[in-house]
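Comments concern the structure below.
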Amino acid sequence: KAIRRQRQMCIRDRVTVRAASSFISQMQAVQNLEELGKDDFETVKAKAQAHWDEVLGRIEVEGGTTDQYRTFYSCLYRSTLFPRKFYEIDKNGNILHYSPYNGEVLPGYMYTDTGFWDTFRSLFPLLNLVYPSVNAEIQAGLANAYRESGFLPEWASPGHRGCMVGNNSASVVSDAILKGVTPEEDIATLYEAMLAGRRKVHPTVSSTGRLGHEYYNTLGYIPYDAGINENVARTLEYAYDDWAIARMAQAMGRDDVFGEYARRALNYVNVFDGSTCFFRGRQSDGNWSAPFEEFATGRDYTEATPWHYRFFVPHDVNGLIQLFGSREAFIREMDRLFTLESDEMQLDVSDVTGLMGQYAHGNQPIQHMIYLYNYAGQPWKAQYWVRDVMNKMYTPTPDGYCGDEDNGQTSAWYVFSALGFYPVAPGTTQYVLGAPLFKKATLHFENGKNLVINAPENSDKNI
Ligand code: CA
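Read the sequence shown against our numbering and you will find it ends at 469, with the numbers running on by one and no gaps.
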């Protein structure tokens, strides 16, 4: 009876509140409220529903289970949440933004809340494929970030944030340009920004720009005795980022820059220890750091053990295979990774989760690794493990992820993998094949064309 009375009171006292916010000013918030027009609550709700249906309807999948649909569309949903719009529209229809970099209100686009260390891997390639008009705005915003701060962001939230390693803005920028997504008028600025980033580091935010560039640019690696943490991870990521820059320079006809960066892209070799067949911390005098603890997270790696960076050469997998001595040796170590248990595991970070042997799907540095079986000539193992990870590490429940989802990256991995292909090395237009999860998938592109993926004999057993 009390509940019924309470409910009646609620109905009698129901009010509708119209609210808007702005990063710019109170007057702009009033302007933003105009977006609602005269719509009532139900109309706003229906419009939101229709918009999500359009966004999520860009990919249609058929022939799966209800749980698989829920997981797939939950992942696609999360892939579209970040980065967030940080721009607004004035009363004359002009795009403008509050700059988190210099505090001014300026014309043009701005997006925020994404960490490139995570999202360069497959989230941005997914945007380029399915939502290029959105990434065009994001890229325009990156050009603005460079104009307003002298740096591309690595972890924007909303200004430069000290977080993670690498210079993976190079990947995000070059992938969009090479795929024809970036607005023409921003390409020159973004190219300049990429090149500027290799010789400097932000004065107060050490993860913006390249920490340790003096060492990397002379020795070809960041030594572990330089007082810079996560030196192996930084070296490997800078090498990949250099490759992304080389790809850009090549596309722009800058042969001199291309040659220089194509050489630097091979710097991963400098931290490969042939005696252990692992990437390993190295002193400035060339000696390896000791002791080598293959099951421990530590100063040389980012949120990872040596196993999790062992296969991070996405841009030169054939070169990586050569370092192992042979395809057979490479495959043997790949196989071992999935079954190897160790009492010696020492994890002083909480990020190493979603374990299958030493494989850790719950964090990002290894998420491309399964697809490397294709380069080694055993694609059926990629197909097997990709399906296994999709089945075991994702569920359509509130705790449906096995670790860090991280701004859409772990979700985008699932979306690509369920479609049957994955961007191992953003910065090329190549995808590596896995095996589709559904019997049929249709991608509706913004240019009006469709891609239909048919796998009618697909099943739990026939992957
Ligand atoms: Ca993470």
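Beta carbons are placed, not taken as given, at the ideal position from N, Cα and C, and that holds for glycine.
Residue i: first and last residue of the uninterrupted alpha helix (DSSP H) it sits in
i	result
tyrosine 104	Taken as a continuous stretch (DSSP letters only), tyrosine 104 belongs to no alpha helix (DSSP H), being part of the beta strand (DSSP E) at 101–104.
asparagine 38	32–39
tyrosine 381	Per DSSP, tyrosine 381 belongs to no alpha helix (DSSP H) and is neither H nor E.
isoleucine 251	237–257
leucine 457	Counting along the chain, leucine 457 falls outside any alpha helix (DSSP H), though it belongs to the beta strand (DSSP E) covering 456–460.
isoleucine 65	From DSSP, isoleucine 65 is part of no alpha helix (DSSP H) but of the beta strand (DSSP E) over 65–68.
histidine 208	Looking at the DSSP string, histidine 208 is not in any alpha helix (DSSP H), and its letter there is neither H nor E.
threonine 195	190–202
glutamine 74	72–85
valine 319	Careful: valine 319 lies outside any alpha helix (DSSP H) and carries neither H nor E.
Anticipated Cβ contact below 8 Å, residue i with residue j, distance rounded
i	j	result
glycine 440	tyrosine 377	6 Å
serine 281	tyrosine 230	Actually they are not in contact, since the Cβ atoms of serine 281 and tyrosine 230 sit about 17 Å apart, beyond 8 Å.
glutamate 94	isoleucine 144	The Cβ separation is near 16 Å, so there is no contact.
valine 263	alanine 271	No, valine 263 and alanine 271 are not in contact; Cβ-Cβ is about 12 Å, not under 8 Å.
leucine 82	valine 421	5 Å
valine 179	leucine 196	5 Å
glutamine 364	leucine 343	5 Å
aspartate 247	asparagine 273	Actually they do not touch by this definition, with Cβ atoms about 10 Å apart.
Length of the line joining the Cα atoms of residue i and residue j
i	j	result
glutamate 190	asparagine 134	15 Å
serine 213	cysteine 169	6 Å
lysine 387	arginine 393	10 Å
glutamate 350	cysteine 283	18 Å
alanine 54	phenylalanine 157	35 Å
proline 432	glutamine 14	57 Å
phenylalanine 318	leucine 242	7 Å
threonine 308	valine 238	8 Å
serine 290	alanine 302	22 Å
tyrosine 279	serine 28	Looking at the sequence shown, residue 279 is not tyrosine but aspartate. Using only the alpha carbons, I get a separation of about 53 Å.
asparagine 235	arginine 305	5 Å
asparagine 98	glycine 406	44 Å
threonine 345	arginine 10	58 Å
valine 277	isoleucine 228	9 Å
serine 155	phenylalanine 336	43 Å
glutamate 118	glutamate 463	Note that residue 118 is threonine in the sequence shown, not glutamate. Each residue's alpha carbon lies about 42 Å from the other.
With 16 other Cβ atoms within 10 Å as the buried cut-off, status of residue i
i	result
asparagine 173	buried
phenylalanine 126	buried
valine 187	buried
valine 430	buried
leucine 457	exposed
tryptophan 419	buried
glutamate 110	exposed
asparagine 108	exposed
asparagine 380	buried
leucine 425	buried
histidine 314	buried
proline 209	exposed
Test: residue i CB closer than 8 Å to a CB of chain B
i	result
methionine 170	Judged by its chain identifiers, the structure shown contains no chain B, having just a single protein chain.
First and last residue of the uninterrupted beta strand (DSSP E) at residue i
i	result
tyrosine 230	It is not in any beta strand (DSSP E) - tyrosine 230 carries neither H nor E in the DSSP assignment.
glycine 447	Sequence check: residue 447 is alanine here, not glycine. Segment 446–450, the beta strand (DSSP E) holding alanine 447.
tyrosine 152	From DSSP, tyrosine 152 is part of no beta strand (DSSP E) but of the alpha helix (DSSP H) over 138–155.
leucine 329	Taken as a continuous stretch (DSSP letters only), leucine 329 belongs to no beta strand (DSSP E), being part of the alpha helix (DSSP H) at 323–329.
glutamate 300	Counting along the chain, glutamate 300 falls outside any beta strand (DSSP E), and DSSP gives it neither H nor E.
glutamate 94	93–95
One or two residues paired with residue i in a DSSP bridge
i	result
proline 113	Leu102
alanine 1	Not covered by the structure: residue 1. The range shown for the chain is 7 to 469.
alanine 162	Thr120 and His166
arginine 288	Trp294
proline 402	Proline 402 is not bridged to any residue.
leucine 439	Phe427
Near ligand 2: residue i beta-carbon under 7 Å from a heavy atom
i	result
glutamine 370	The model depicted lacks ligand 2 and carries ligand 1 instead.
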